[in-house]
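The next block holds one structure in the form of structure tokens; read it before the comments.
There are 2 protein chains.
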Amino acid sequence: MPRRPSLTPPQLASAALDVVDRDGLAGLTMRAVATQLGVSTMGLYRYVKDRDELEALVVETVLGEIDTDPPAPAQGASWQDQLTVMARRLRDAVGTHPSTVPLALTRRYRSQAIMRWSETVLAILATAGIHGEQRVIALRALLAYAIGAIQLEHLGGPSGLDALAAAPGTPAAGDFPLLAESGPVANAITRDAEFHGGLAVLLRGLAR
Amino acid sequence: MPRRPSLTPPQLASAALDVVDRDGLAGLTMRAVATQLGVSTMGLYRYVKDRDELEALVVETVLGEIDTDPPAPAQGASWQDQLTVMARRLRDAVGTHPSTVPLALTRRYRSQAIMRWSETVLAILATAGIHGEQRVIALRALLAYAIGAIQLEHLGGPSGLDALAAAPGTPAAGDFPLLAESGPVANAITRDAEFHGGLAVLLRGLAR
DNA sequence: CTGGTAGGCGTAGCTTGTACGCCTACAGGT
DNA sequence: ACCTGTAGGCGTACAAGCTACGCCTACCAG
């Protein structure tokens, strides 16, 4: 029992997040995090087994910021409104650390935070009268949409709309008339409106 | 004009894909691909500028396998049916090379293949009477759902359902009663049914 | 005061990407 | 037929990254 560890997991996590937010995902190296903490490179290995474990810590920290309490079912908030709140919370948490998007959504960490989120979403779906298989499908559809939409948003997405919205006309726009026509339209929609618009479509489908 | 290049882009792409399919994404190194091609490591650099460019080539090849012709609007195929076909084609193409999932969906390559796919989807949406802003939102929602669902499917997804479905009871299942209850249900649903189920919800939402 | 345990870290090896520069095969002019 | 310039092909070498290993030392218990 000699000596207490001088670094706590929260310290680790926050140092790693600092590095990522400052230098991007590529800057997340063992050395960089160690330096940020003021210890030697190998000193880090006292606290994490792996680079992988370090990344898991980052992801867990980002997702841990999600508020997973059921949204106050106060006044006339429909279950659709509640699900919208949950989706937005997920999006906001990840959006606060955009560099971690590939990490957070690609890795299949058994994240406690996502389990809490899922539990709350399931509860809301239950109040909507959705049960059994349909509820599982609804949960996964919501998660899939959220993951995909966040990714499109932060990675530019391979949608082609961005390309044409950014540089209309220039490329072989003639081959894609509808895409070319949609470019300016897409440009005029805010990220928020897009996210909520798609979500609304999904929620409308859930209501019988 | 002396000498013709001895390696063609398709050869490059197929060698890289072979490596990925065999050794996984981590096995995709310049050396490995060069060896697969029977050239020296540096010989590769005659054909690609970068490791990045090599990855782009892989992605483009995988997505290039998507059939983007409009589905035969033969008999009584509704626009919903047609969109389902398009979504399934995207899922199938990526699913053929599961290791490339993080690559294909994470990178924001201005993929020609995805542009063709988007164009066809826009056309189908147009026949459904969806135009302007709503059509852009619908396209992105479909793409977001597809990307997210494919990712959940192939990366195990951080949904928590997998964990509880695989090892029911063991973890602190008491903290997540609904999740625990849903585990077995989720287990009984095939990947196909899940993908189509979620998609159906989305399509139902698109129909007024 | 002392001994053992566990934290802390320096060294070094392996893997990876890639800059650089030499060698050589080939087409075309003489 | 020969020479020459261009571009393909590749070997060497280095930087950066992860991490196995093992020494040193601070600390707590007795």
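These protein sequences, in sequence, are chains A and B.
Position one of the first sequence corresponds to residue 1 (the numbering used here), numbered consecutively onward.
Position one of the second sequence corresponds to residue 1001 (the numbering used here), numbered consecutively onward.
Yeah, the Cβ is synthetic: ideal placement off N, Cα and C, and Gly gets one too.
Within-8 Å CB hit, residue i to chain A
i               : result
residue 1017(B) : no
residue 1087(B) : no
residue 1203(B) : yes
residue 1030(B) : no
residue 1096(B) : no
residue 1091(B) : no
residue 1084(B) : no
residue 1148(B) : yes
residue 1124(B) : no
residue 1006(B) : no
residue 1209(B) : Outside the displayed range of chain B (1001 to 1208) lies residue 1209(B), so it cannot be described from this structure.
residue 1151(B) : yes
residue 1182(B) : yes
residue 1118(B) : yes
residue 1178(B) : yes
Supposed contact pair residue j and residue i - C-beta distance, whole angstroms, cut 8 Å
i               : j               : result
residue 1200(B) : residue 201(A)  : About 12 Å; that fails the 8 Å criterion.
residue 1025(B) : residue 1103(B) : 7 Å
residue 13(A)   : residue 84(A)   : Actually they are not in contact, since the Cβ atoms of residue 13(A) and residue 84(A) sit about 29 Å apart, beyond 8 Å.
residue 189(A)  : residue 1133(B) : 6 Å
residue 1152(B) : residue 143(A)  : 7 Å
residue 176(A)  : residue 1115(B) : 6 Å
residue 195(A)  : residue 128(A)  : Not quite, the Cβ-Cβ distance comes to about 21 Å (not below 8 Å), so this is no contact.
residue 1111(B) : residue 1020(B) : With a Cβ gap of about 17 Å, residue 1111(B) and residue 1020(B) do not count as contacting.
residue 203(A)  : residue 147(A)  : Residue 203(A) to residue 147(A), Cβ: 17 Å. No contact.
residue 40(A)   : residue 32(A)   : Between residue 32(A) and residue 40(A) the Cβ distance is about 13 Å, and since that is not below 8 Å, they are no contact.
residue 1145(B) : residue 145(A)  : 5 Å
residue 1082(B) : residue 1073(B) : 7 Å
residue 1071(B) : residue 1077(B) : 7 Å
Residue from the options whose Cα sits closest to the Cα of residue i
i               : options                               : result
residue 94(A)   : 190(A), 65(A) and 20(A)               : 65(A)
residue 192(A)  : 77(A), 112(A), 88(A) and 82(A)        : 88(A)
residue 1015(B) : 1139(B), 1069(B), 1037(B) and 1155(B) : 1037(B)
residue 206(A)  : 149(A), 180(A) and 126(A)             : 126(A)
residue 186(A)  : 1155(B), 1138(B), 1153(B) and 1181(B) : 1138(B)
residue 68(A)   : 92(A), 183(A) and 49(A)               : 92(A)
residue 1123(B) : 54(A), 59(A), 56(A) and 179(A)        : 179(A)
residue 53(A)   : 9(A), 195(A), 117(A) and 181(A)       : 9(A)
residue 1056(B) : 1150(B), 1101(B), 1198(B) and 1203(B) : 1101(B)
residue 1113(B) : 1174(B), 1047(B), 1059(B) and 1208(B) : 1059(B)
residue 1000(B) : 197(A), 208(A) and 131(A)             : Look at the range of chain B in this structure, 1001 to 1208, and you will see that residue 1000(B) is not part of it.
residue 1155(B) : 107(A), 155(A) and 145(A)             : 107(A)
residue 1017(B) : 1136(B), 1096(B), 1181(B) and 1117(B) : 1096(B)
residue 1011(B) : 1028(B), 1208(B), 1047(B) and 1135(B) : 1047(B)
residue 197(A)  : 1198(B), 1136(B) and 1181(B)          : 1136(B)
residue 51(A)   : 30(A), 42(A) and 181(A)               : 30(A)
Chain B contact for residue i (CB, 8 Å cutoff)
i              : result
residue 140(A) : yes
residue 51(A)  : no
residue 1(A)   : Residue confidence for residue 1(A) is low, a pLDDT of 46 falling below 50, so the modelled location carries little weight; the figure read from the coordinates is stated next. Chain B, which has no Cβ nearer than 8 Å to the Cβ of residue 1(A), makes this no.
residue 194(A) : yes
residue 57(A)  : no
residue 135(A) : yes
residue 54(A)  : no
residue 130(A) : no
residue 13(A)  : no
residue 102(A) : yes
residue 145(A) : yes
residue 115(A) : yes
residue 37(A)  : no
residue 26(A)  : no
residue 197(A) : yes
residue 127(A) : no
residue 106(A) : yes
residue 186(A) : yes
residue 155(A) : yes
residue 78(A)  : no
residue 44(A)  : no
Checklist entry - Which ranges would you report for the alpha helix (DSSP H) in the segment 54-138 of chain A if only whole runs of at least 4 residues count? => result The qualifying runs are 79-95, 101-106 and 112-127.
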